[in-house]
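If you read the sequence shown in this note's numbering, its first letter stands for residue 7, the second for the next number, and so on. Have a look at the structure below before the remarks.
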Amino acid sequence: MGKFLLRRVGYLVLLAMVATVVAYLLAATQLHPRSRYEGRNPPPAAAVVDQRLNDLNMNDKTPLVERFTTWANGVAHGDLGKTVDGESVNTEMGRRMWVSLRLMLIGSILGTVLGVAAGAYGAVKQHRWSDQTLTIISFVLLSIPTVVLAVLVKNAGIWFNQVSGNESTPILFTTGEMTPGLDTWSWAGLSDRIGHLVLPTIVLAIGVNGFAFYSRYQRNSMLDVLGSDFLRTAQAKGLRRWSALTRHGLRTALIPMATFFSYQFALLFVGATFTEKIFGWHGMGEYFVDSITKNDINSTAGVTLFVAALVLIAGLLSDVVYAALDPRVRTS
């Protein structure tokens, strides 16, 4: 088991390094931070622009290898460089990372639990009205793009505040993560944060990356297990059907899902862009899109490195869960 995990860690670290290097080279060759200055009226002097870009390590007149070496040396010492606005990439990512985590944690867990439960239940009740109802709901949610779903949920929140007579003091907040001026650690601050979290959490929980997605995969995985010999053997030995399904069937059906859970959770850090934009949460997804539109090479490479690290951790967690659920992995 230990050797298996060490091999996987080495493999994933190598892939993360390759992905990060490729991402930096693509960003450095395709993004043009100089254009931010050329479009100004009046345009600054060329020497001033060059000096500014040199300070940021983004001057396209400097050889690409030299810029990459400078950036990689900084990364090796824990410094991801500066943004095009001269701010620290480390500071900006450190702040936004926690915003994204607060936004996605409950929504991801809720969506996963609901999706697995609905998928397993639908498989056991295959072709009955309950299975068909869950299938219709999941297909409807899958067919709605996240941006549309987020707008619908946001409008529903506004309507709820209006009909409940709380338009001026809303119960469900539709913008931002907290009302400015409140103490985060006070009861008023905590309840305010929860009020801001409800609507985006619903979007993440039921959207294409939550309930709708997992329920379909879990249903198909469970159907493969229901007709298996080991499940019939467990029931032949006296185990009740429900006990056999929960102890052996669901556990086996979860094995192929472990990979989905791990990677989806990691990639949501930068995959919840539409939800962040529409509800005014300034997290990593918004930062990644803004970095590209601003021609910000260091920020784009920094976010890519962050995602690569998350994928590395997700891969390791996936292997651990896989090994915990499947004894054959531990003994191989």
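Backbone N, C-alpha and C define an ideal beta-carbon position, used for all residues, glycine too. If you're wondering where the values come from, they're calculated on a predicted model, not measured in any experiment.
| Query | Result |
| --- | --- |
| Could you pull out every residue in the same chain whose Cβ sits closer than 7 Å to the Cβ of H202, ignoring the five residues on either side in sequence? | F179, G182, E183 and M184 |
| Suppose the cutoff is 6 Å on Cβ atoms and the five residues either side in sequence are ignored; what does the same chain contact list for V130 look like? | none |
| Quick one: what does DSSP say S192 is sitting in, helix, strand or coil? | coil |
| Should W165 be labelled buried (16 or more other beta-carbon atoms within 10 Å of its own) or exposed? | exposed |
| Let me know the secondary structure DSSP gives S297 once reduced to three states. | helix |
| Are H254 and L237 closer than 8 Å when you measure CB to CB? | yes |
| Whole angstroms is fine: what's the gap from G213's alpha carbon to V54's? | 48 Å |
| Helix or strand or just coil, what does DSSP make of S234? | coil |
| Who does S94 pair with in a DSSP beta bridge? | K88 |
| Tell me whether K9 is buried or exposed, calling it buried when 16 or more other Cβ atoms sit within 10 Å of its Cβ. | exposed |
| Are the Cβ atoms of T86 and N79 separated by less than 8 Å? | It is Leu, not Thr, that sits at residue 86 in the sequence shown. Cβ distance not < 8 Å, so L86 and N79 don't count as in contact. |
| Give the single residue among S144, F267 and F280 whose Cα lies nearest to the Cα of A156. | F280 |
| Can you tell me the Cα-Cα spacing of I284 and N304, whole angstroms? | 26 Å |
| By a C-beta neighbour count over all protein chains shown, 10 Å radius and 16 as the cutoff for buried, is G308 buried or exposed? | buried |
| Runs of 4 residues minimum, wholly inside the region 32-87: which ones carry the alpha helix (DSSP H) assignment? | 41-44, 52-62 and 70-82 |
| The alpha helix (DSSP H) with D137 in it runs from where to where? | W135 to S149 |
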